[in-house]
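Worksheet for the structure shown next.
There are 4 protein chains.
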Amino acid sequence: MPKIVNHEERRQELVEAACRCIDRLGIDNVTVREIAKESGYSSGTLAHYFADKDAILRGALERADDNIRDRIAALPDDLDPLTLLGRVLREALPFDEERRFELTLDVNFWARALNQPALRELQHDDHDAWRKRVLGIVEAAHEAGQMPEALSAADQADILVAFVDGIGLQALVYPELMTRERVEQLLDAQIAHLAGGTP
Amino acid sequence: MPKIVNHEERRQELVEAACRCIDRLGIDNVTVREIAKESGYSSGTLAHYFADKDAILRGALERADDNIRDRIAALPDDLDPLTLLGRVLREALPFDEERRFELTLDVNFWARALNQPALRELQHDDHDAWRKRVLGIVEAAHEAGQMPEALSAADQADILVAFVDGIGLQALVYPELMTRERVEQLLDAQIAHLAGGTP
Amino acid sequence: MPKIVNHEERRQELVEAACRCIDRLGIDNVTVREIAKESGYSSGTLAHYFADKDAILRGALERADDNIRDRIAALPDDLDPLTLLGRVLREALPFDEERRFELTLDVNFWARALNQPALRELQHDDHDAWRKRVLGIVEAAHEAGQMPEALSAADQADILVAFVDGIGLQALVYPELMTRERVEQLLDAQIAHLAGGTP
Amino acid sequence: MPKIVNHEERRQELVEAACRCIDRLGIDNVTVREIAKESGYSSGTLAHYFADKDAILRGALERADDNIRDRIAALPDDLDPLTLLGRVLREALPFDEERRFELTLDVNFWARALNQPALRELQHDDHDAWRKRVLGIVEAAHEAGQMPEALSAADQADILVAFVDGIGLQALVYPELMTRERVEQLLDAQIAHLAGGTP
DNA sequence: CATGAATGAGTGTTCATTCAT
DNA sequence: TATGAATGAACACTCATTCAT
Chain U
1 MPKIVNHEER RQELVEAACR CIDRLGIDNV TVREIAKESG YSSGTLAHYF ADKDAILRGA
61 LERADDNIRD RIAALPDDLD PLTLLGRVLR EALPFDEERR FELTLDVNFW ARALNQPALR
121 ELQHDDHDAW RKRVLGIVEA AHEAGQMPEA LSAADQADIL VAFVDGIGLQ ALVYPELMTR
181 ERVEQLLDAQ IAHLAGGTP
Chain X
1001 MPKIVNHEER RQELVEAACR CIDRLGIDNV TVREIAKESG YSSGTLAHYF ADKDAILRGA
1061 LERADDNIRD RIAALPDDLD PLTLLGRVLR EALPFDEERR FELTLDVNFW ARALNQPALR
1121 ELQHDDHDAW RKRVLGIVEA AHEAGQMPEA LSAADQADIL VAFVDGIGLQ ALVYPELMTR
1181 ERVEQLLDAQ IAHLAGGTP
Chain S
2001 MPKIVNHEER RQELVEAACR CIDRLGIDNV TVREIAKESG YSSGTLAHYF ADKDAILRGA
2061 LERADDNIRD RIAALPDDLD PLTLLGRVLR EALPFDEERR FELTLDVNFW ARALNQPALR
2121 ELQHDDHDAW RKRVLGIVEA AHEAGQMPEA LSAADQADIL VAFVDGIGLQ ALVYPELMTR
2181 ERVEQLLDAQ IAHLAGGTP
Chain C
3001 MPKIVNHEER RQELVEAACR CIDRLGIDNV TVREIAKESG YSSGTLAHYF ADKDAILRGA
3061 LERADDNIRD RIAALPDDLD PLTLLGRVLR EALPFDEERR FELTLDVNFW ARALNQPALR
3121 ELQHDDHDAW RKRVLGIVEA AHEAGQMPEA LSAADQADIL VAFVDGIGLQ ALVYPELMTR
3181 ERVEQLLDAQ IAHLAGGTP
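Next comes the structure, spelled out in structure tokens:
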């Protein structure tokens, strides 16, 4: 019997190496050889686990999205909606190395998605799940009387999601301009303002 | 006698060809040859006007930024601040072919900027100018009494800019999900809400 | 306890898989992996039975040659020489799937033999045996008075063998041009003419 | 103005290098790098003149066929048909380095043609032209009363072409067995016999 | 100035072979 | 014996760049 290998585990190992390469080099400069070197395996080994380079990169995108999803799912469920909202939205902002890493991956894939339908679908599904999660919390806040009805929950959720997307990008690209403190201040202001009150 | 050519004019011609290539192929798939073909000049000619491929791409980013700046500068000055605010922010949203084109270019450069300081500086300067323009209008609205003081002008401006960045990206990548109508509805809601709740 | 396997039997099994691959893909496109898949064994197994890929291919050539030899040996011995001659020569022509398969294998090895002495020797021995078989029949025809002495038996045999080689190749490559009917007509004409003009 | 290059001439130069590589290495072992080295140009240069490797190889096949055609066309026209027939058929036999070279190329392409329709068409057209040339001479011999009508001209032509194909292959692969002298002897015997007489 | 021929390093990918299990 | 994971060299092809004309 040959060495027993857990295929899915090995795939994850290689995907993580790919993620580190994307973070370090930018997605345009990632090469199969570099991923191989980063992973510690030979370049030919990648062929056992992925049909081609694009498959590895797709795996990296899925991985990044899964990470965010997992972290959000791990949040405590017993918080009041408004507090939870702030916590959930913070998971998409680059406030620590892990989140900076994930957001960097996402940004690297945005331009690609414009030309690669397969990537666009992946991102679309993930974005949809993310938006629905936020919407659910906003609706819970409405039910709990924590947010006014001046705007519909859908409007509030979409505004928040768009705001977080935009502010996260700025925090990533201009960290000296858009510091963590400033981002949190703006996020809280935005939430509080949508919630109708003075923060 | 060498032929007399207007260097700057020719550079712009080539840069525009580069922009069209980026829009069509994605920045990763742009080749010098393709830009040459698109421009109608030979590939060697590009070498006369740009040190290397990256210089062409930098030129394309500058060009895209200049376009937005020019369009904003061209807006009428005598509008009341709140109306002007809506007009200005719409200039950054992909509501027609021209703006879709420019935003596509921007998105293509975001990931690159994470690894190329030269590109980051270009984007930084432009983003700063853009943010200041919005801030100026918000301050004018404050002075005109069109916006409440619950939030500072700086906060409101940054929130709006982040929101527009995020919603523009979504409109670009998921146009079937985030239609122009929906985007305008959300933009107006965000502005109105920041302006005190009366749409 | 190691499993008892019949080495020679297993080798034949693998060689037959190799033959099918050559027929299907052309000898240039045959890979060890493909032979393994075709045989139902793992790629590593081939290494137990053959030193390297070339050894498998040599085995395939031997196999193809053996097939022809076996079929010729199986022909009835009590036919009159001229009838037997036609039957034997037909065994080298692609008139059914089995013969098409064998001739295809041969053609695939011709070019290789020009550069690989080992293959050339295999083909040489087989061709010699084949030529001698034909010569023996022609000589028998001479003795039986079925062929005139205008040409020596050796000349007639060599002419027939060359003709069959050439017409077989054409029938294989241009089957729509050189149909079975046409080939048989030409073969019979050639034999009859060499036999003195009375078909 | 850049260096002026005659494209067709350069293509021929590269094709000839490819032919030499095929002759030397066998078509399976020919690499683009090797052709480049043989031609004296860099590997990238080949891309200027051929879409891909297959295009180069197709060019090599065309070249070999053209060579035979040209040599046949160059034969004197005022010979009597039967003499001409012998001269023409000898052009397809490997009696000198040039003809050995051409026939080697052809043999290298036979197996490929079984799997590559494009190559098959090339060979088909050439074979057809060659067969028609031989047929024309046989018909002239009939008109000149040099050949009997026991067999039709078409039959005689096809028999001769097949014989020459087969004997040429043998002369190429087994030169020590099928020497030039033996081949010429057999060719003359086959012609004379078809012509109805004693040589 | 403009051309496009030429370069050669670098890419993704394939594949015969090796070898621990 | 049999497996299939792993290797790494070799492949065809791409492309930014150089430069003689």
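Chains as they are written, first to last, in the numbering used here: chain U, 1 to 199; chain X, 1001 to 1199; chain S, 2001 to 2199; chain C, 3001 to 3199. Yeah, the Cβ is synthetic: ideal placement off N, Cα and C, and Gly gets one too.
Under 8 Å Cβ to Cβ from Ile1191 (chain X), same chain only, skipping five residues before and after it: list those, please.
Hits under 8 Å: Leu1082, Leu1085, Gly1086, Leu1089 and Leu1160.
Between Pro2006 (chain S) and chain C, is any beta-carbon pair separated by less than 9 Å?
Reading off the sequence shown, one finds Asn at residue 2006 (chain S), where the question assumed Pro. So no, Asn2006 (chain S) is outside the interface.
Anything in the segment 2020-2031 of chain S with a Cβ closer than 8 Å to a Cβ of chain C? List those residues in chain order, please.
Correct list: Leu2025, Gly2026, Ile2027, Asp2028 and Asn2029.
Within the same chain, show all residues whose beta-carbon is closer than 6 Å to that of Thr1198 (chain X), passing over the 5 residues directly before and after it, in chain order.
Any reading at Thr1198 (chain X) needs caution, since the residue's pLDDT is 44, under 50, leaving its predicted position unreliable; the model's value is listed next. None.
Do the CB positions of Val2173 (chain S) and Ala2153 (chain S) come within less than 9 Å of each other?
No.
Which two residues bound the contiguous alpha helix (DSSP H) that contains Phe3109 (chain C)?
Taken as a continuous stretch (DSSP letters only), the alpha helix (DSSP H) holding Phe3109 (chain C) covers Glu3097 to Asn3115.
If you count every other CB in all the chains shown that lies within 10 Å of the CB of Leu1177 (chain X), and 16 or more means buried, which is it?
It is exposed - the Cβ of Leu1177 (chain X) has fewer than 16 other Cβ atoms within 10 Å.
When Cβ atoms are compared, which residues of the segment 1087-1118 of chain X fall closer than 7 Å to chain U?
Listed by position along the chain: Thr1104, Val1107, Asn1108, Trp1110, Ala1111, Arg1112, Ala1113, Leu1114 and Asn1115.
Quick one, are the C-beta atoms of Val164 (chain U) and Ala92 (chain U) less than 9 Å apart?
Cβ distance < 9 Å, so Val164 (chain U) and Ala92 (chain U) count as in contact.
Quick one: does Ala1150 (chain X) have its CB under 9 Å from some CB of chain U?
So, interface residue.
Between Tyr2041 (chain S) and Arg2011 (chain S), which are expected to be in contact by the criterion C-beta below 8 Å, what is the C-beta distance as a whole number of angstroms?
Actually they do not touch by this definition, with Cβ atoms about 12 Å apart.
At 3 residues or longer, and completely inside the segment 3151-3198 of chain C: list those beta strand (DSSP E) runs for me, N to C.
Fully enclosed beta strand (DSSP E) runs of 3 or longer: not present.
Which one of S:Val2134, S:Phe2109, S:Lys2132 and S:Leu2075 has the shortest CA to CA distance from Leu2122 (chain S)?
Nearest of S:Val2134, S:Phe2109, S:Lys2132 and S:Leu2075 to Leu2122 (chain S), Cα basis: S:Phe2109.
Taking the alpha carbon of Asn2067 (chain S) as the reference point, which residue from S:Pro2076, S:Thr2179 and S:Asp2126 has its own alpha carbon closest?
The shortest Cα separation from Asn2067 (chain S) among S:Pro2076, S:Thr2179 and S:Asp2126 belongs to S:Asp2126.
For the alpha helix (DSSP H) containing Gln1012 (chain X), name the first residue and the last one.
Here the alpha helix (DSSP H) through Gln1012 (chain X) covers His1007 to Leu1025.
Are the segment 133-150 of chain U and the segment 1140-1148 of chain X touching by the rule of at least three beta carbon pairs closer than 8 Å?
With a cut-off of 8 Å, the segment 1140-1148 of chain X and the segment 133-150 of chain U do not count as touching, because too few Cβ pairs lie within range.
Compare the C-beta of Gly3059 (chain C) against all C-beta atoms of chain S and say whether one is closer than 9 Å.
With 9 Å as the cut-off, Gly3059 (chain C) does not count as an interface residue toward chain S.
Have a look at Val30 (chain U) and Asp1028 (chain X) and give me their C-alpha separation to the nearest angstrom.
Each residue's Cα considered, the two are about 11 Å apart.
To the nearest angstrom, report how far apart Asp1200 (chain X) and Asp70 (chain U) are at their CA atoms.
Absent from the model: residue 1200 (chain X). The displayed extent of chain X is 1001 to 1199, so no value can be given.
What span of residues does the alpha helix (DSSP H) with Thr3045 (chain C) cover, start to end?
Here the alpha helix (DSSP H) through Thr3045 (chain C) covers Ser3043 to Tyr3049.
Whole angstroms are fine: how far does the CA of Ala3113 (chain C) sit from the CA of Asp2078 (chain S)?
Spanning the two alpha carbons is a distance of roughly 40 Å.
Would Gln3190 (chain C) pass as an interface residue toward chain S - the criterion being a Cβ-Cβ separation below 9 Å?
Interface residue, yes.
Since Leu2046 (chain S) and Leu2014 (chain S) should fall inside the 8 Å C-beta cutoff, what is the C-beta to C-beta distance between them, to a whole number of angstroms?
About 6 Å separates the two Cβ atoms, so the contact holds.
Along chain U, which residues have their Cβ under 7 Å away from the Cβ of Phe1050 (chain X)?
By Cβ distance, chain U contributes nothing, its closest Cβ being about 18 Å from Phe1050 (chain X), past 7 Å.
Give the range of the alpha helix (DSSP H) segment to which Val1032 (chain X) is assigned.
Segment Val1032 to Ser1039, the alpha helix (DSSP H) holding Val1032 (chain X).
Whose C-alpha, out of U:Ala111, U:Arg99 and U:Leu151, is nearest the C-alpha of Leu1103 (chain X)?
Cα-wise, what sits closest to Leu1103 (chain X) is U:Ala111.
Hey, quick one: how far does the alpha helix (DSSP H) through Gly1145 (chain X) stretch, first residue to last?
Looking at the DSSP string, Gly1145 (chain X) is not in any alpha helix (DSSP H), and its letter there is neither H nor E.
Classify Ala1018 (chain X): buried if its beta carbon has 16 or more other beta carbons within 10 angstroms, exposed otherwise.
With 16 or more other Cβ atoms within 10 Å, it is buried.
Among the candidates S:Leu2119, S:Ala2036 and S:Asp2052, whose CA atom is the shortest distance from the CA of Arg2063 (chain S)?
Comparing Cα positions, the closest option is S:Leu2119.
Using a C-beta cutoff of 9 Å, does Gln3185 (chain C) count as contacting chain S?
So, interface residue.
How big is the Cα-Cα spacing for Leu2194 (chain S) and Arg2133 (chain S)?
Rounded to the nearest angstrom, the two C-alpha atoms are 17 Å apart.
Restricting to Cα atoms, I'd like to know which of U:Glu38, U:Arg180 and U:Asp158 is closest to Leu135 (chain U).
When each option's Cα is compared against that of Leu135 (chain U), the closest is U:Asp158.
I believe Glu3038 (chain C) touches Arg3058 (chain C) by the beta-carbon criterion, under 8 Å. Please report the beta-carbon distance rounded to the nearest angstrom.
Going by Cβ atoms, the distance from Glu3038 (chain C) to Arg3058 (chain C) rounds to 18 Å, so no, they are not a contact pair.
To the nearest angstrom, how far is the alpha carbon of Gln185 (chain U) from that of Asp80 (chain U)?
Approximately 20 Å between the Cα atoms of the pair.
Just curious, the alpha helix (DSSP H) that Asp65 (chain U) is in, first and last residue?
Where Asp65 (chain U) is concerned, the enclosing alpha helix (DSSP H) stretches over Lys53 to Ala73.
Following the continuous alpha helix (DSSP H) through Pro1081 (chain X), name the residue where it begins and the one where it ends.
Here the alpha helix (DSSP H) through Pro1081 (chain X) covers Pro1081 to Arg1090.
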